[in-house]
Amino acid sequence: MASLAHMQRMLAHLEKQERSQLELLSWKGPGARRTDPSTMPGQRFGRLLVLRRGAKNSRGCATWLCVCDCGSERLAETNGLKSGCIKSCGCLRREQLIKRNTKHGDCNSPEHRSWMGMIQRCTNPKDAAYDRYGGRGINVHPEWKSSFTAFLDHVGRRPTRAHSLDRIDNDRGYEPGNVRWATAAEQNRNQRSNIRITFAGETMILTDWAKRIGIPVNTLYSRITHLGWTLDEALKPKMRKRRASWNAGRKLA
Ligand SMILES: [Zn+2]
Numbered sequence: 584m585a586s587l588a589h590m591q592r593m594l595a596h597l598e599k600q601e602r603s604q605l606e607l608l609s610w611k612g613p614g615a616r617r618t619d620p621s622t623m624p625g626q627r628f629g630r631l632l633v634l635r636r637g638a639k640n641s642r643g644c645a646t647w648l649c650v651c652d653c654g655s656e657r658l659a660e661t662n663g664l665k666s667g668c669i670k671s672c673g674c675l676r677r678e679q680l681i682k683r684n685t686k687h688g689d690c691n692s693p694e695h696r697s698w699m700g701m702i703q704r705c706t707n708p709k710d711a712a713y714d715r716y717g718g719r720g721i722n723v724h725p726e727w728k729s730s731f732t733a734f735l736d737h738v739g740r741r742p743t744r745a746h747s748l749d750r751i752d753n754d755r756g757y758e759p760g761n762v763r764w765a766t767a768a769e770q771n772r773n774q775r776s777n778i779r780i781t782f783a784g785e786t787m788i789l790t791d792w793a794k795r796i797g798i799p800v801n802t803l804y805s806r807i808t809h810l811g812w813t814l815d816e817a818l819k820p821k822m823r824k825r826r827a828s829w830n831a832g833r834k835l836a
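Numbering-wise, the sequence shown is residues 584 to 836 according to the working numbering.
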């Protein structure tokens, strides 16, 4: 009996909550089907404040230009706002996601910070590094985006303080097989082997040029950067031959 009374109290409470939420969303009641456009600007929906009417979207629905508490702007459909589906520019969802994926004791771990940083760089246009990541199509694997645990299971714990998250292929995203913990030196080496070089009308990364010439990538790198070889000298096949025979000759002597 006690549990029935408890249920009834809960239901009454939920109904009351729902009603006040609907009031917040300024429903005009079941009779009011259409929104009077003049009443929208200045209204608040969650973190969004409606500024003015936007253009119709691709589905022909009216939209509103809104500014979010975080400072971003977005267009939102009337229904999305009024139903409570749209409450922010997307920042609320990001924050909830991060909160959901924070295991007790892990919210301040280096792995969790790396995970958050990775998602911010790739999904938040307000992030200082967004242009170099999300802005140029670097994505986070969908499973990792929604689950810190899945990310951690794949990359493991950070080996030392000197290690940070690194993408093996710079042009691919944060995805299984392309992410590792690496020291700054390792990352520099990795970055330099990903340098694109155009020579004789052909563009390849340094690693591939080194493979073609048949020398270690670091040797090729220092020839171009420290030893002052021109691209012609460093990458042209005949130049290597001459040096090879010169070396051979010296050995014979
Ligand atoms: Zn926002």
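Heads up, the beta-carbon is just placed ideally off N, CA and C, and yes, glycines get one too.
query: CB of Cys-651 within 9 angstroms of CB of Ser-666, strictly; result: no
query: Segments of 3+ residues assigned as beta strand (DSSP E) that fall wholly inside the stretch 733 to 773; result: 746 to 750 and 762 to 766
query: For Thr-646 and Gly-654, believed in contact at Cβ under 8 angstroms, the rounded distance; result: Going by Cβ atoms, the distance from Gly-654 to Thr-646 rounds to 19 angstroms, so no, they are not a contact pair.
query: Top-ranked residue by Cα proximity to Ile-751, from Thr-732, Ile-721 and Met-623; result: Ile-721
query: Strand pairing of Val-633, partner residues [DSSP]; result: Cys-649
query: CA-to-CA distance, Ser-776 to Ala-793, given in whole angstroms; result: 9 angstroms
query: Shell residues, 5 angstroms Cβ cut-off relative to heavy atoms of ligand 1; result: Cys-651, Cys-653, Ser-655, Ser-671, Cys-672 and Cys-674
query: Bridge partners - Arg-627, DSSP secondary structure assignment; result: Leu-632
query: Simplified DSSP state of Ala-860, which is helix, strand or coil; result: Only positions 584 to 836 of the chain appear in the structure, and residue 860 is not among them; the question remains open.
query: C-alpha gap between Lys-709 and Gly-717, whole angstroms; result: 11 angstroms
query: Between the CA atoms of Phe-782 and Trp-764 - distance to the nearest angstrom; result: 33 angstroms
query: Separation of Gly-797 from Ala-711, as counted between CA atoms; result: 40 angstroms
query: Selection from Ile-780, Glu-678 and Met-787 that minimises the alpha carbon distance to Thr-813; result: Ile-780
query: CB-CB length for Leu-631 against Cys-649, believed under 8 angstroms; result: 4 angstroms
query: Between the CA atoms of Arg-795 and Gly-673 - distance to the nearest angstrom; result: 47 angstroms
query: Candidates Thr-786, His-724, Lys-819 and Asp-791: closest to Val-762 by CA position; result: His-724
query: In DSSP terms, what Glu-660 is bridged to; result: Thr-646
query: Limits of the unbroken beta strand (DSSP E) element including Ile-780; result: 779 to 782
query: Between the CA atoms of Gly-629 and Tyr-804 - distance to the nearest angstrom; result: 54 angstroms
query: Ala-768, buried or exposed, once every other Cβ within 10 Å from all chains shown has been counted against 16; result: exposed
query: 4-residue-minimum alpha helix (DSSP H) runs that sit fully inside the stretch 679 to 706, ordered along the chain; result: 693 to 706
query: Reference Ser-533; option with closest CA among Pro-624, Leu-810, Arg-627 and Lys-682; result: Any property of residue 533 remains undetermined from this structure, which presents the chain solely from 584 to 836.
query: Own chain, CB closer than 7 angstroms to Gly-663, minus 5 neighbours either side, in chain order; result: Ile-669
query: Beta-carbon spacing of Arg-740, Glu-694 below 9 angstroms; result: yes
query: For Ile-798: DSSP bridge partner residues; result: None, per the DSSP bridge assignment.
query: Environment of Asn-691 [buried if 16+ CB atoms lie within 10 Å]; result: exposed
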